[in-house]
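As you go down the protein sequences, you meet chains A and B in turn.
Per this note's numbering, the very first residue in the first sequence carries number 1; after that it's consecutive.
Per this note's numbering, the very first residue in the second sequence carries number 1001; after that it's consecutive.
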Amino acid sequence: MSEKVFTEEEIEAGLLACADGLLADDPELEAVVEARMKADPVARAQVEGWTAINASIRTAYAATAVEAVPPRLLAAFGPGRSRVLTRRAIYATTAMAAALTIGFVAGREVGMRMHMPQAPDAAILAAPVPSPTPSAANPAALASPAVSPPMPAAEISPHENPHMTPYQTPAVAPGDPRGS
Amino acid sequence: MTRHECPDGLRRDRLQMDDLARYVEKEIPHLRRFAHSLCGSAEEGDDLVQDALERAWRKRHLWRREGSVRGWLFRILYRVFLNSRRGRKPPPEEMDESTLADPRHRNAPPQEMHLTADDLSRGLSSLPDAQRAAVVLVAIEGVSYDEAAATLDIPIGTLRSRLFRGRETLRENMNDVRRMPSRLRRVK
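Written as structure tokens, this is what we have:
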């Protein structure tokens, strides 16, 4: 009967399993792993380290397995108010309250700005008033109302501005009965 | 339909649900231990257990009666844990099977392990969630790799690589860094 040959991957997996005490089902691999550990001190240290880590984890959390279970956990598997749903409801309520508060504050602020008289800005008051005389430095004065007096509002007849004819009602000639 | 006309099927379901509740109650200490080690704090762990039990109650119709209650509960707890951690940390790096066999990963000198509770807590919390779950599940519950892989919903090769990597990181964290020259730093 030929001896089974294990690949390096299988032996590495066997070293892991050895640290977890899971090699009992496979005596052939167990023998190979033990031989490797005897021949290779690095592999042995590795397995010993993993075994020590496992033992430390078991020791660290051993008390949790024997202490009294909190009542809220005993009641959790059953009909009742879900902690998750309760938490979601609290989040939703908080978010809604925050949105309402922000909306109220923002709305009040905007309303106050719209209704309160604005104080003149000091920068605007301090700025020099442009001269109404047109010049190279102040070309805007050409278009200012001070230079170009406003045209008096007057009705323009279609005879004076023919291009506006399509947009105006027909003029009523003097003596036309429609104008009386 | 009156109570006297209640069919046997419903009564049987009721009894089975009572049985399930009893089984679940027995598993709570195991769930707490796993949850505490996953979360790193008792309070957060108990919150996780409560969330998992509430989810199990809502999904109780999905429990396959021939299956292990512990495995079912552990799977639910781990999923709830992952959901709660989503977005908190980057996904853990995975290492394929060939990495396990790489002799360059086995060149650390022999050493004594001196593990204090603080060292352990710090070391476990430094692991990615997926590696920590694999390490503590196998260490605490002593389950087979098949069961652990099924609980974590991963292939067995992935479980082995997470175990290997997580344990090596713990060894590295718990020993003098000078004595662990390049073992896992190169992998990171």
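By construction, the Cβ of each residue, glycine as well, lies at the ideal position given by its N, Cα and C atoms.
No experiment lies behind these values; they were computed from the predicted model shown.
The count of Cβ pairs closer than 8 Å, one atom from the stretch 1055-1066 of chain B and one from the stretch 1126-1142 of chain B, stays below three, leaving the stretches out of contact. Taking the Cβ atoms as the reference, residue 53 of chain A lies roughly 12 Å from residue 1140 of chain B, outside the contact range of under 8 Å.
Between the alpha carbons of residue 28 of chain A and residue 1082 of chain B lies a distance of about 38 Å.
Secondary structure note for residue 1085 of chain B: its alpha helix (DSSP H) is the uninterrupted segment 1069-1085.
DSSP, reduced to helix, strand and coil, places residue 1120 of chain B within a helical segment of the structure shown. Interface annotation for the stretch 1053-1076 of chain B against chain A: 1053, 1054, 1056, 1057, criterion Cβ-Cβ distance under 7 Å.
With its beta carbon less than 8 Å from one in chain A, residue 1025 of chain B belongs to the interface. Taking the C-beta atoms as reference points, residue 15 of chain A is found no nearer than 8 Å to residue 1163 of chain B. When only Cα atoms are considered, residue 1146 of chain B and residue 1131 of chain B end up about 16 Å apart. Membership of residue 14 of chain A in the alpha helix (DSSP H) is indicated by the continuous run 8-19.
When the alpha-carbon of residue 1127 of chain B is set against those of B:1144, B:1169, B:1086, the nearest one is in B:1169. Taking the beta carbon of residue 1164 of chain B as reference, the chain A residues within 7 Å of it are 16, listed in sequence order.
Chain-ordered, the chain A residues with CB closer than 8 Å to the CB of residue 1032 of chain B read 64, 65, 69, 73. Across the structure, residue 1153 of chain B and residue 100 of chain A are spaced so that their CA atoms are roughly 44 Å apart. Collapsing the DSSP output to three states places residue 50 of chain A in a helix. Judged by DSSP secondary structure, residue 1057 of chain B falls within the alpha helix (DSSP H) whose first and last residues are 1042-1058.
In terms of Cα proximity to residue 1074 of chain B, the closest of B:1040, B:1042, B:1036, B:1086 is B:1036.
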